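Under the UniProt record's numbering, the letters of the sequence shown match residues 1 to 749, in that order. The beta carbon of each residue, even a glycine, is placed where N, CA and C say it ideally should be. As the structure is a computational prediction, the values presented were derived from the model and not from experiment.
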Amino acid sequence: TNLPPPTSALPKMTPSQSSLFGEIDDLQDLTFIERPIRRSLKTAEEIDKLTVDEDLNDIERAVYLLSSGEDVQQASVIINLPILVRQNPAETFRRVVPKVREVLHVAGADMQLAAAGSFLTVLQDDIVLIQTHTHSILQIVLLNLDHRDTVVSNAWLETLLSAIDALPKDTIRQEILSPLLLKHQLSQSVPARLASCRILGKVVGKFETSIVKKDLLPLIRSLCQDVEYEVRACMCRQLENITRGIGLDHTKVEVLPELVELAQDEASTVRLAAFDTIINLLEMFDSDDRTCVIFPLVKAFCEKCFKGDEAVLASLSFQYGKLCHGLSESFTDEQHLWFLEFYKKLCCLGLQHENGHCESQPYPLELENKYALVRRNCAYNFPAIVLYADPNHFLSELYRTFSSLCHDPEISVRRTAAGGFHEVVKLLGPNVHYIHKEIIALLQDDSLEVLDALLNNIQETLELATSRGEGAGPESKQVNIPDLVPALVAAEQKAASSLHWRVHEKLLQCYSCLPRVISGDQIYFRFFQRMFSIITTNNVLPVQRETVRTLCVFLRYNRKQEQRQEIISKIKQELAQGRSYWNRLRYLDLCEMTIDLFSKSYFCKHFLIPALELVNDPVANVRYKLCYMLPKLRSTIKATDKHLLQQLEFCVRKLLCREKDKDVVVTFYNDMLFAANCRRLSVLVCFPDDNLRPHHFNVASSISPTPSSSSMPVLIRSNTSSSVDHRSNGNKDTQSRKLSVYVVRSCTV
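Here it is as structure tokens:
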């Protein structure tokens, strides 16, 4: 027997090893701690509690579970309550709904939320409910509006508000308005009074103006003057619905005075609610009200916000464009100028201008963020302000402001300005040259976020910025934007060096508009070589393919024959004959795109033969894609072009006789059958004897006849010599004689 060596024979452990083994021993000691392990999810006793008599019908089972079931069973009944109502409404409301009411009295938040959703479904369903049924549901809803959990009470309130649209007028008046007249009183809780505000805003459109004026307006005025600012603000936001419900005449007498008072409230939240409501109701006021009431009110509001109410100032800046357009028709020249100057102040809030540059003033971080939000909202509203100020006055009134926004130290402001740049370009029309410098500045911005926002509409922007206007003929030269080409090149290089490949892809896609923006020579000397470099060196497939598409567009619109020939030669040399199989795959992508962009004869003349020669490619992925493209390649060949048809036949013969990769063979076989059926390919492959069919073809019957390019195998396989390849020539000749390849040439494709 093999005995362990004596302790003295073992190597002595170092202190660190001793410490390590000591920790392992401690961990092993933990394995002796026994813990009970549950072998099932439920014990026998728990299973007995959850077991229900199978003889009970649905109503009896629901009543039983609500009376003595577990929480999960009671929740299941409540969730499925709409189904019970559809199946047996009378018994459900007589026996189940009262039990649900009892359960909800002590139920948790999850069950309350489930019940709110179920009752809403019942009220909105197409089930014809009698008055007593509706009364039962509404009593439960109204009872739970006062739930101590705010989330639960809000859920029940949303249920009630959504159900009002489906309820008849009499039911609303009896079941909802009557309790509502009590809930607005100060003795009620603040959540109850807030709920009253929202309910009033919802039901006012259900009744005639006389009823609203008699029964509801006193309640509305009372809530507008509530002691709690949250209630006043909530009621103020409902005045828009109330105004549209009672009409213009009553609005001027009943609502406008309340709005004026709320706009001067001591609480900024109330003033903000009043301001938003006034803007949304501008079309409801006549010219006299706008001039005599609204303008002084809004002016005072703006001045007060600018002096220290930053929270309200953010909302003001966001609504400013809508405000100016709503009041512009009623403005005097002096009032018009005041609003324009105030907008300029907002655009520079928190900034100081030195040497023509905008720099942030030192403010606390929270205040600095609020000022940045105001300037961002101003950038968002800039196109509206251009329209308000008249585009003809842009240079004198707004150019400096726009330039400030485009050079703002905050990225979010510049990004917003870039996002609306195309709108400004359209408004300026023939004066678009005023902002050529800003186009360059945004293209060269340090942040890719800004570039990304600009790219969303860059094609439209550049085409409008370089056009000569409506009076220019189609043959007129384009307007030159100084430094545009270097800016575009720099933007592409910056995007390429970043990790944001989607921005790079978007920019390359936008490059396709360059033939309509700059000259062909500029594209040839500044962009073509870069396109080849991206295709051959970039590792992102979508970027490569987008670059190939852009390259095809550049070639399509190049009018110089010498440059075209040089580009085509370079395509063949670097792509079709490229050392990397990725380059050769991109050549096949290019072939697909050129078929769509060029005439068929042009494609056949310059691109078809190099594509067919890829049948000898050592990488299976390339041959696979070629097989997939064969029907499309055949569609470009005229029936009378015997030379190209012969070349296509040789390509098919090579695939048929020499191909060893099973994926390529299956794809080839399926494409042959599909193309022959569609009469898109004049090479029909026939096998007189099934025994001569390559064994790979047996799989083809179960594969779709139109394989997608995305199904290309990931594994890269090359042709390698094997014992199969070293068969005698006699055997190959025998098989070739037995195999028949019929070339069917048709005058129709």
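Extent of the continuous alpha helix (DSSP H) run through P191
V190 to V203 is the extent of the alpha helix (DSSP H) around P191.
For N621, does the count of other Cβ atoms within 10 angstroms reach 16, so buried, or fall short, so exposed?
By the neighbour-count rule (16 or more Cβ atoms within 10 Å), N621 is buried.
Need the endpoints of the alpha helix (DSSP H) that C305 sits in, please.
For C305, the enclosing alpha helix (DSSP H) begins and ends at F295 to F306.
Can you give me the Cβ contacts of D617 inside the same chain, cut-off strictly under 8 Å, excluding the 5 residues immediately before and after it?
Only Y581, R584, R623 and L626 meet the Cβ criterion.
Report yes or no: do the segment 633-642 and the segment 657-665 share at least 3 C-beta pairs separated by less than 8 Å?
In this structure the segment 633-642 does not lie against the segment 657-665, because fewer than three pairs of beta carbons, one per stretch, are closer than 8 Å.
Meets three-Cβ-pair contact criterion under 8 Å: the segment 433-446 and the segment 499-506:
The count of Cβ pairs closer than 8 Å, one atom from the segment 433-446 and one from the segment 499-506, stays below three, leaving the stretches out of contact.
Determine the contact status of F603 and E574, defining contact as a CB-CB distance below 7 Å.
Result no, Cβ atoms of F603 and E574 do not sit closer than 7 Å.
Over the uninterrupted alpha helix (DSSP H) stretch that includes G350, give me the two end residues.
Counting along the chain, G350 falls outside any alpha helix (DSSP H), and DSSP gives it neither H nor E.
On a Cα-Cα basis, can you pick out the residue from L219, V231 and Q225 that is closest to L194?
Of all alpha-carbon atoms in L219, V231 and Q225, the one lying nearest the alpha-carbon of L194 is that of V231.
Counting only runs that start and end within the segment 624-649, where is the beta strand (DSSP E) found for 3 or more residues in a row?
The qualifying runs do not exist here; there are none.
Let's test the definition: count the other Cβ atoms within 10 Å of the Cβ of T401 and tell me whether it reaches 16, buried, or not, exposed.
The C-beta of T401 has 16 or more other C-beta atoms within 10 Å across all chains shown, which makes the residue buried.
L455 to R530 span [Cα, whole Å]:
Each residue's alpha carbon lies about 19 Å from the other.
With DSSP run on the structure shown, which of helix, strand or coil describes V619?
Correct three-state label for V619: strand.
Rounded C-alpha distance that separates I211 from R148
Straight across, the Cα-Cα distance linking I211 with R148 is about 33 Å.
Of all Cβ atoms in chain B, is any one closer than 7 Å to the Cβ of F275?
Among the protein chains of the structure shown there is no chain B, as only one such chain exists.
With DSSP as the reference, label V231 as helix, strand or coil.
Note: V231 maps to helix in three-state DSSP.
Give the straight-line distance between the Cα atoms of L297 and F331, rounded to the nearest whole angstrom.
Approximately 14 Å between the Cα atoms of the pair.
Rounded to whole angstroms, what's the CA-CA distance from G108 to A379? Just pull it up for me.
Answer to the nearest angstrom: the Cα atoms are 48 Å apart.
Whole-angstrom distance between E175 and R244, CA atom to CA atom:
When only Cα atoms are considered, R244 and E175 end up about 24 Å apart.
Start and end residues, alpha helix (DSSP H) containing N381
Its alpha helix (DSSP H) spans residues L365 to A389.
In the DSSP assignment, the alpha helix (DSSP H) including H325 goes from what residue to what residue?
Run containing H325: E310 to L327, per the alpha helix (DSSP H) assignment.
V517 in three-state terms, based on DSSP
Residue state, collapsed to three classes: coil.
Are there 16 or more other CB atoms within 10 angstroms of the CB of R727, so buried, or fewer, so exposed?
Confidence is the limiting factor: at R727 the pLDDT is only 39, short of 50, which leaves the residue's position unreliable and the question unanswerable from this model.
Which same chain residues end up closer than 8 Å to V122 when comparing Cβ atoms and leaving out the 5 residues on each side of it in sequence?
For V122, same chain residues with a beta-carbon under 8 Å away, outside a window of 5 residues either side, are L81, P82, V85, L129 and I137 in chain order.
Could you round the C-beta distance between A510 and Q561 to whole angstroms and report it? I think they count as a contact, below 8 Å.
According to the sequence as given, residue 510 is Cys; it is not Ala. About 27 Å; that fails the 8 Å criterion.
Classify Y557 as helix, strand or coil using the three-state DSSP reduction.
Coil.
Where the alpha helix (DSSP H) containing M111 begins and where it ends
Residues A109 to Q124.
The alpha helix (DSSP H) spanning A418 covers which residue range?
Here the alpha helix (DSSP H) through A418 covers I411 to G419.
8 Å CB neighbourhood of Q74 in its chain, flanking five on each side removed
Leaving aside the five residues that flank Q74 on each side, the residues in its chain whose CB is nearer than 8 Å to its CB run, in chain order, L65, L66, V103, A107 and M111.
Which residue's Cα is closest to the Cα of P391: A372, P409, Y363 and N431?
Residue N431 is the option with its Cα nearest to P391.
Can you tell me where the alpha helix (DSSP H) holding residue 800 begins and where it ends?
Missing from the structure shown is residue 800; the chain here goes from 1 to 749 and no further.
First and last residue of the uninterrupted alpha helix (DSSP H) at V151
First-last of the alpha helix (DSSP H) with V151: T150 to I164.
Would you grab the beta carbon distance between A155 and L113 for me? Rounded to a whole angstrom, and I think it's under 8 Å.
Indeed they touch by this definition, with Cβ atoms about 5 Å apart.
I535: first and last residue of the uninterrupted alpha helix (DSSP H) it sits in:
That run of the alpha helix (DSSP H) goes F528 to T537.
Measure the CB-CB distance between M593 and C657 and report whether it falls below 7 Å.
Taking 7 Å as the Cβ cut-off, M593 and C657 do not qualify as a contacting pair.
In angstroms with no decimal places, state the Cα-to-Cα distance between S287 and I242.
Going from the Cα of S287 to the Cα of I242 covers about 21 Å.
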